[in-house]
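Asker: Okay, here's the structure, questions in a sec.
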Amino acid sequence: MELTGFQVWSYGTIASLIAGAATSLGALPIFFMKKTLTEKQLDMALGFAAGVMLAATMFSLIVPAIEFGGITITVIGIIIGAIILELMDTYAPHEHFLKGHEGPNLAVVKKVWLFVIAITLHNFPEGMAVGVSFGGGTTEMIKNGIVVATAIGIQNIPEGTATAVSFIKAGYTKKQAFWYSAFSGFVEPIGGIIGATFIVLMKPALPFFLALAAGAMLYVISDEIIPETHAHNNERAATFSLIFGFLVMMILDNALG
6 MELTGFQVWS
16 YGTIASLIAG
26 AATSLGALPI
36 FFMKKTLTEK
46 QLDMALGFAA
56 GVMLAATMFS
66 LIVPAIEFGG
76 ITITVIGIII
86 GAIILELMDT
96 YAPHEHFLKG
106 HEGPNLAVVK
116 KVWLFVIAIT
126 LHNFPEGMAV
136 GVSFGGGTTE
146 MIKNGIVVAT
156 AIGIQNIPEG
166 TATAVSFIKA
176 GYTKKQAFWY
186 SAFSGFVEPI
196 GGIIGATFIV
206 LMKPALPFFL
216 ALAAGAMLYV
226 ISDEIIPETH
236 AHNNERAATF
246 SLIFGFLVMM
256 ILDNALG
């Protein structure tokens, strides 16, 4: 079975929407928590999410890119994807919960929106990865897309919880924390639509876009998530959580593939 261009676009868009919605699911528990999560629990949750992302990047983006396009185009795509995220990270003003301010200093931008911009920079490439992963429209790529969407959805749940709790610790109400976290998740369908559109319009470039998404994901994991999880002397717990997340996603990828 091979999907039409419109079906590929629809699958990528809908899958990225569902994956993004998982962020809201992860943020819901804050309404029922009597105590917020400890820093160690947050670091472990984000470490697990990083492991899931890392496995999805390796097995569902990089491996197919090499299979369909070869090592050269894959290397080029990864490098360009990382450079694009580096430029966005450098020139877009944003605020990390732990690392603090990055990018230009714009006093007119409220701090909460700096947080939202940071999360957007994080989630956009995830949505794009889902969108491009359905490219080709073959049965193999449909399975691949489902695996990527599942991986992003799984990691968005603990990430949504961690993000909402971090907003609360930053002084926002539970309602604000939930909606800001939910908003950050729905950035992913935008990336999904763009990624799916690129693939439909430029199908021969599928390996490049898979590698591009992989490079962006690797940048996010290394530059954003891991430093956040290692900022409270919980490196060991965060590291083993990452390994556990990687193994869970590897097993899931093998089961679905």
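Mapped onto our numbering, the consecutive letters of the sequence shown carry residue numbers 6 to 262. Every residue, glycine too, gets a C-beta built ideally from N, C-alpha and C. As the structure is a computational prediction, the values presented were derived from the model and not from experiment.
Do you know offhand how far residue 40's Cα is from residue 223's?
Answerer: 33 Å
Asker: Entirely within the segment 209 to 260 and at least 4 residues each: give me those alpha helix (DSSP H) ranges in chain order.
Answerer: 211 to 224, 231 to 234
Asker: Buried or exposed for residue 17, please, with buried defined as at least 16 other CB atoms from any protein chain shown within 10 angstroms of its CB.
Answerer: buried
Asker: Are the beta-carbon atoms of residue 170 and residue 154 separated by less than 8 Å?
Answerer: The Cβ atoms of residue 170 and residue 154 do not sit closer than 8 Å to each other.
Asker: Does the separation of the CB atoms of residue 51 and residue 233 fall below 8 Å?
Answerer: yes
Asker: Tell me, to the nearest whole angstrom, how far the beta carbon of residue 62 is from that of residue 219; I am working on the premise that it is less than 8 Å.
Answerer: 5 Å
Asker: Is residue 43 helix, strand or coil by DSSP?
Answerer: coil
Asker: Decide if residue 111 is buried, meaning its Cβ has at least 16 other Cβ atoms within 10 Å, or exposed.
Answerer: Confidence in residue 111 is poor, its pLDDT being 47 and thus under 50, which makes the residue's placement unreliable; the coordinate value appears in the next sentence. Exposed.
Asker: Measure the CB-CB distance between residue 214 and residue 200 and report whether it falls below 8 Å.
Answerer: yes
Asker: Which of helix, strand or coil does DSSP assign to residue 79?
Answerer: helix
Asker: Provide the residue(s) that pair with residue 143 in DSSP beta bridges, ordered along the chain.
Answerer: 7
Asker: On a Cα-Cα basis, can you pick out the residue from 150, 191, 58 that is closest to residue 250?
Answerer: 58
Asker: Helix, strand or coil: how does DSSP classify residue 95 here?
Answerer: helix
Asker: Taking Cβ to Cβ, would you say residue 283 is nearer than 8 Å to residue 212?
Answerer: A query on residue 283 cannot be resolved here, the shown segment of the chain reaching from 6 to 262 and no further.
Asker: Spatial neighbours of residue 203 within its chain, please: CB distance less than 6 Å, with the 5 preceding and 5 following residues excluded, ordered by chain position.
Answerer: 214
Asker: If you reduce the DSSP assignment to three classes, tell me which class residue 178 lands in.
Answerer: coil
Asker: Work out the CA separation of residue 189 and residue 114 for me, nearest whole Å.
Answerer: Any reading at residue 114 is ruled out, since the residue's pLDDT is 44, under 50, leaving its predicted position unreliable.
Asker: Measuring alpha carbon to alpha carbon, tell me which residue in 159, 46, 145 is nearest residue 23.
Answerer: 159
Asker: Can you tell me where the alpha helix (DSSP H) holding residue 67 begins and where it ends?
Answerer: For residue 67, no alpha helix (DSSP H) run applies, since DSSP gives it neither H nor E.
Asker: Looking at C-alpha atoms only, which residue of 83, 163, 92 is the closest neighbour of residue 25?
Answerer: Ranked by Cα distance from residue 25, the first of 83, 163, 92 is 163.
Asker: Under three-state DSSP, which class holds residue 38?
Answerer: coil
Asker: Is it the case that the Cβ atoms of residue 65 and residue 149 are separated by a distance below 8 Å?
Answerer: yes
Asker: Starting from the C-beta of residue 21, find all residues in its chain whose C-beta is less than 6 Å away, skip the five residues before and the five after it, and write them out in chain order.
Answerer: 132, 135, 136, 193, 194, 197
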